[in-house]
Amino acid sequence: MELSSPPVVPEQSQAATPADLELIERIRKGEQPALDILYKRYSSPVYSLVWKILQNSEEAEDVALDVFWQVWRQADRYDPARGAPPAWIFTLARSRAIDRLRSRNRREDRTISIDDPNVHFDPLDDTASPDQVVSFRQNRDAVRAAMDKLSNVQREAVELAFLKGMTHVEIAEKLGQPLGTVKTRIRQGLIRLRKHLD
143 MELSSPPVVP EQSQAATPAD LELIERIRKG EQPALDILYK RYSSPVYSLV WKILQNSEEA
203 EDVALDVFWQ VWRQADRYDP ARGAPPAWIF TLARSRAIDR LRSRNRREDR TISIDDPNVH
263 FDPLDDTASP DQVVSFRQNR DAVRAAMDKL SNVQREAVEL AFLKGMTHVE IAEKLGQPLG
323 TVKTRIRQGL IRLRKHLD
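For the sequence shown, this note's numbering begins at 143 and goes up steadily by one.
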């Protein structure tokens, strides 16, 4: 996609046309040319919407492409009773852009990892009592020990979610795993962590 500046924000009130509905049906059947047509028709307005949210051309291009990849994979989830194809596509675009924005904000706001050997980090200031310092260090060590008891796949998913600040969708893409699998690994990992920390 050769879009580097924000085009005009899309008209999201476009009504479903028989052509759009037919394209979605053809995409459901796995017809790549139908996706190409839909992409040519909506890539610019999708990019515009995403750029308006992210204010970053490179990220907007990535997210816009992700939206059409999602349309390709999830065309069978489109329900004409819930809205026209353009409304569905713009909803996907808005959701993906907001996910990306949240992920970016989490990475920017993330604090230094307690496991970083290059950084001396103690959340307790100089006025902390010796008991508070000992308590903090015991809790940190307990979390590390509990993390070591997780399976490798659970530990990796939990670390990506909570230490790297990645969304579930980003983790699924990074690991090449279905979203449901990633959510299950994180949930089971957290359950095991709670069990070991109680």
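We put the CB at the ideal spot given by N, CA and C, even for glycine.
- Task: Go ahead and label P175 buried or exposed: buried means 16 or more other beta carbons lie within 10 angstroms of its beta carbon, across all protein chains shown.
- Result: Position 33 of the sequence shown holds residue 175. Under this definition P175 is an exposed residue.
- Item | Host alpha helix (DSSP H) of Y181 (start-end) | The residue given as residue 181 occupies position 39 in the sequence shown. Its alpha helix (DSSP H) spans residues 174 to 196.
- Task: For the alpha helix (DSSP H) containing L292, list its first residue and its last residue.
- Result: Locating residue 292 in the sequence shown gives position 150, where the first residue counts as 1. From DSSP, L292 is part of no alpha helix (DSSP H); its letter is neither H nor E.
- Item | For T326, the nearest candidate out of F232, N281, A314 (CA to CA) | For the purposes of this step, residue 326 is identified with residue 184 of the sequence shown, where counting begins at 1. Considering only alpha carbons, the answer is A314.
- Unbroken alpha helix (DSSP H) run spanning D221, endpoints: Taking the sequence shown and counting its residues from 1, one reaches residue 221 at position 79. Counting along the chain, D221 falls outside any alpha helix (DSSP H), and DSSP gives it neither H nor E.
- Item | For K306, three-class secondary structure by DSSP | By 1-based counting over the sequence shown, the position of residue 306 is 164. Reduced to three states, the DSSP call for K306 is coil.
- In whole angstroms, what is the alpha-carbon distance linking D218 and R282? The count along the sequence shown starts at 1 and reaches residue 218 at position 76. The count along the sequence shown starts at 1 and reaches residue 282 at position 140. Taking the straight line joining both Cα atoms gives about 46 Å.
- Query: Does DSSP put P320 in a helix, in a strand, or in coil?
  - Reply: Counting from one through the sequence shown, the residue named residue 320 turns up at place 178. Coil, per DSSP.
- Task: Closer than 6 Å by C-beta to Q162: which residues in its own chain qualify, once you throw out the five before and the five after it? Chain order, please.
- Result: Within the sequence shown, residue 162 is the residue found at index 20, counting from 1. Reading off the sequence, residue 162 comes out as Asp, not Gln. Cβ within range, chain order: P227.
- Task: Label L321 either buried or exposed according to how many other C-beta atoms from any shown protein chain fall within 10 Å of its C-beta, with 16 as the threshold for buried.
- Result: Here residue 321 is taken as the residue at index 179 of the sequence shown, counted from 1. Exposed, because fewer than 16 other Cβ atoms sit within 10 Å of the Cβ of L321.
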